C-alpha cells in the first residue's frame, strides 16, 4: 500500500548535524581566539542527548522542548571543558541555536521535492516545533507540517510520538511510513504499525561509524538515499 | 518592530470557502441528479460553525478537531433539508472533506511567497493539523508549520490559541503578527499582545456582506491584500 504520508527522522537522516555543529562551535571558539576540536565537541554535546531525553521518557522529569535540553547539555560540556566563562550568556544562547542551522545531505532537498507531490511530508523528530520550523526554513526542506515530539509531549522511541503523528494527520499507522537512518527508530515505528524505510547515513557519526551501517530489521523499504526512495515509491 | 512570524486566519482571510463549498455541494447533488442552492447550503453549513465551537470554548464539551464538527454540522444541514438519506456514508465523508479543497484568493499565494523569505508563516486557524496540512497542499500555500486550535486544544478567539501558537515558535506575542479579515479575531490576538494586520475580504460572505468591511480597531497594519501587506512590511 502506497503510504499517504512520509514522516522523517531529521538529525542524521536529513541533515549532517555533526559537521554542522563542529563548524558552528569552531567559529564560536575562533571569535575568542581559541582552538577547539569541533567534531569532538559535537560528539560530546550529542552524547548528552539520549540521557537527557531518557529522564523525560522514563517519567522522572516533565517534558520540556529539545531546545532547553540542547542548552543544558551545552552548558554541561562547556563546564566540563572549563569554558563555561569563555562565552557570555547571549553567546551561549546563540551557540545552542546552532541546531537550527544544520546542512542537509546532498540528496535531501531534491528527494523531498520529488516525494512531495505524492505524499504528505513531515518531520517526526525529537526537535521542537520551533526548532524544526527554523531548521526546515534554513535548510529549505519542503515539509507540509511539523509533527514529532512536541505534539506528543514525549520523546522517540516512546510509541506515543509515532501514534500522535499519525493521529494528527487523521491517518492509520499503516498509511504512514517512517523514514530513518537509525534501526532503533524504525523498530519503534514498526511496533506501532507504521511502514518503515531505512536509508543508511554511514557518515553521520564521522569516519569511524560502526552503527546503523545496514538495515537490521524487516523494513518495508531500504533505499540508498531519498532519490532512491522516490524511485522505489514511484 | 518587524514581526518574526506572521500567523494567519485561513477561512475567509486566505481562502474563499463560500464559493468553494458551494461548488463542491453543487457537484455532489448533481451526481444524484438533484439541484441545490450551493451558496445557501454553504451559508447554512457555516452557520453551524460558531455554535459548535462555542460548546467547546465554554467547556461544555471536550475538544474535538474541526473535521469532526464539520461532519456533524453537515449531517445537521442534510437532516434539516431532508437529504440525509440522499448520500451514502462514504459520500458524506467525502463531502465533509470539501473543507480540504478551498480556493485561495488571487493574492494569497503570491503574497505568501513574497513574505516567506522574511518571516515564519503559519496558519493560526480553527482547522486541525490534518485539515490545514491538506488544504495548504491543495491550495499551494507555502507555510513553515501548522499552528492554531489543535496545538491548544481549544478554539479561537479563546486566548490560549494565540498564546500556544507564539509559545510553539518560542516567540513573545509582540514578535508575532496575526493576519485576519475578521476584526473579532484581531481583537482577541491584540488582547494577547500580538501585532495585528487587517485585510478586508468583502466577498467572503457573498454579495450582501455587511460585516468586517473595514478595520474596527487600532490594528498595527491595515492592508488591501497580502501583496500590500508585503509592501508595507518591507
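Chains as they are written, first to last, in our numbering: chain L, 952 to 1185; chain U, 952 to 1185. Using N, Cα and C, we set each Cβ at its ideal position, and we do this for glycine too. Just so it is clear, the structure is predicted and the values come from calculations on it, not from any experiment.
- Within the same chain, and ignoring the five residues on either side of residue 1015 of chain U in sequence, the residues whose Cβ sits closer than 8 Å to its Cβ are 1007.
- Judged by their CB atoms, residue 958 of chain U and residue 1129 of chain U are nearer to each other than the 8 Å cut-off.
- By the CB criterion at 8 Å, residue 1076 of chain U and residue 962 of chain U fall inside the cutoff.
- With three or more CB-CB distances shorter than 8 Å, the region 1164-1181 of chain L counts as touching the region 1138-1152 of chain L.
- Legend: CB atoms of the region 1109-1121 of chain U lying less than 8 Å from CB atoms of chain L belong to residues 1119, 1120 and 1121.
- Taking a C-beta cut-off of 7 Å against chain L, the contacting residues of the region 1064-1087 of chain U are 1071, 1080, 1081, 1084 and 1087, listed in chain order.
- For a cut-off of 8 Å, the C-beta gap from residue 1134 of chain U to residue 1108 of chain U is around 11 Å, too long to register as a contact.
- Residue pairing by DSSP places residue 1076 of chain L opposite L:1099 in a beta bridge.
- Excluding five sequence positions before and after residue 1052 of chain U, the CB atoms of its chain that fall closer than 6 Å to its own CB belong to 1089, given in chain order.
- Close CB contacts of residue 993 of chain U within its chain, under the 6 Å cut and outside five residues either way in sequence, are with 969, 972 and 973 (chain order).
- In terms of Cα proximity to residue 1044 of chain U, the closest of U:1118, U:1126, U:975 and U:1120 is U:975.
- Taking residue 1116 of chain U as the centre and dropping the five residues before and after it, the same chain places the C-beta of 958, 1075 and 1098 closer than 6 Å to its C-beta, in chain order.
- Within the model, the alpha-carbon separation for residue 1017 of chain U versus residue 1079 of chain U is close to 6 Å.
- Close CB contacts of residue 1038 of chain L within its chain, under the 8 Å cut and outside five residues either way in sequence, are with 979, 983, 1029 and 1046 (chain order).
- Separation of the CB atoms of residue 1084 of chain U and residue 966 of chain U is rounded to 14 Å, and the pair is thereby denied contact status at 8 Å.
- At a cut-off of 8 Å between C-beta atoms, residue 1044 of chain U does not count as an interface residue with respect to chain L.
- Taking the Cα positions, residue 1034 of chain U is about 20 Å away from residue 1050 of chain U.
- Unbroken beta strand (DSSP E) runs of no fewer than 3 residues, entirely contained in the region 1088-1142 of chain U, are found at 1127-1131, following chain order.
- Residues of the region 999-1018 of chain U whose Cβ lies closer than 9 Å to any Cβ of chain L, in chain order: 1016 and 1018.
- For residue 1059 of chain L, the enclosing alpha helix (DSSP H) has its first and last residue at 1059-1066.
- Of all residues in the region 1089-1102 of chain L, the ones placed with a Cβ closer than 9 Å to any Cβ belonging to chain U are 1093, 1094, 1095, 1096, 1097, 1098, 1101 and 1102, in chain order.
- Of the candidates L:1020, L:1183 and L:1137, L:1020 places its Cα closest to the Cα of residue 1001 of chain L.
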